[in-house]
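Okay, structure first, notes after.
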Amino acid sequence: MGFLDKLFRKTKEMENMSNVKLAVVFYSMGGTNYQLAKWAEEGAKAAGAEVKVLKVQELAPESVIEGNEAWKATVEATKDVPVATSADLEWADAIIFSVPTRFGNMPSQMKQFLDIQGGLWANGKTVNKVVSAMTSAQNPHGGQEATLLSLYTAMMHWGAILATPGYTDPVLFGAGGNPYGTSVTVDQNGKMIEDVQAAVKHQAKRTVTVAEWVKKGNQ
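Using the numbering used here, count along the sequence shown one by one with no gaps and you end on 1289.
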């Protein structure tokens, strides 16, 4: 291998080392937030990030899940998705959460996952993680903003850096214009009402970009 070949290879290795590592952590009962997570993965990879899509552990009894066809189908569809761990959070430079709303709050499954990260938090491993979040509900005013804010409250305790979309791109208005994070309304048949794909990808790209700034600033 010649000198230029070695130099090129070394340069590519250094570029790969500097890529932002993003964990997309979701909880999904009807499949909506799993789809949002996959769109976020696409947007982040297009921005050059290394991405892991991860689910949080299901806590609901199997007997309850079996009685809901959409829930059961989502469990089947996500059976091969790895369950998120503390190691995944430590690995990540940035995290995008995607959860449905539960009475204006995050689901207990996601709350449980966050609550067991005390070890990371106590050791300073959550500080300066760049985070963003997305959500869904059955009504336009069904608690989307409150759900995102409930998650962001935990992130403030972590010492994380919030990378909300704000109004940084016109695509956000077509998706409902939620400055806290992409949110979508889901009808009684489980179909998304707003077209949020572009907004999700923009939010993912913005999260990666902010994480790049933070990462380069720490080098």
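Ideal Cβ positions, reconstructed from N, Cα and C, are used throughout, including at glycine. Model, not experiment: these values are computed from the prediction.
Note: L1232 is bridge-paired with V1201 in the DSSP secondary-structure output. The beta carbons of K1125 and S1156 sit no closer together than 9 angstroms. Rounded to whole angstroms, the separation of the alpha carbons of Q1258 and G1137 is 17 angstroms. The residues N1175, M1176, in chain order, have a CB closer than 7 angstroms to that of S1220 in the same chain once the five nearest residues on each side in sequence are set aside. For S1220, the three-state secondary structure derived from DSSP is helix. Rounded to the nearest angstrom, the gap between the Cα atoms of G1101 and G1287 is 37 angstroms. Inter-segment contact for the segment 1189-1197 and the segment 1270-1279 is absent: fewer than three beta-carbon pairs are separated by less than 8 angstroms. For T1144, the enclosing alpha helix (DSSP H) stretches over residues 1139-1147. Counting other Cβ atoms within 10 Å of its Cβ, A1140 stays below 16 and is therefore classed as exposed. Rounded to the nearest angstrom, the Cβ distance from E1282 to V1090 is 6 angstroms, consistent with a contact under 8 angstroms.
About 6 angstroms separates the CB atoms of M1225 and L1232; that is less than 8 angstroms, so the two are in contact. Sorting T1144, S1133, S1253, W1228 by C-alpha distance to the C-alpha of T1171 places S1253 at the top.
Taking 9 angstroms as the cut-off, the Cβ atoms of A1203 and Y1250 count as close.
Residue pairing by DSSP places M1262 opposite V1256 in a beta bridge.
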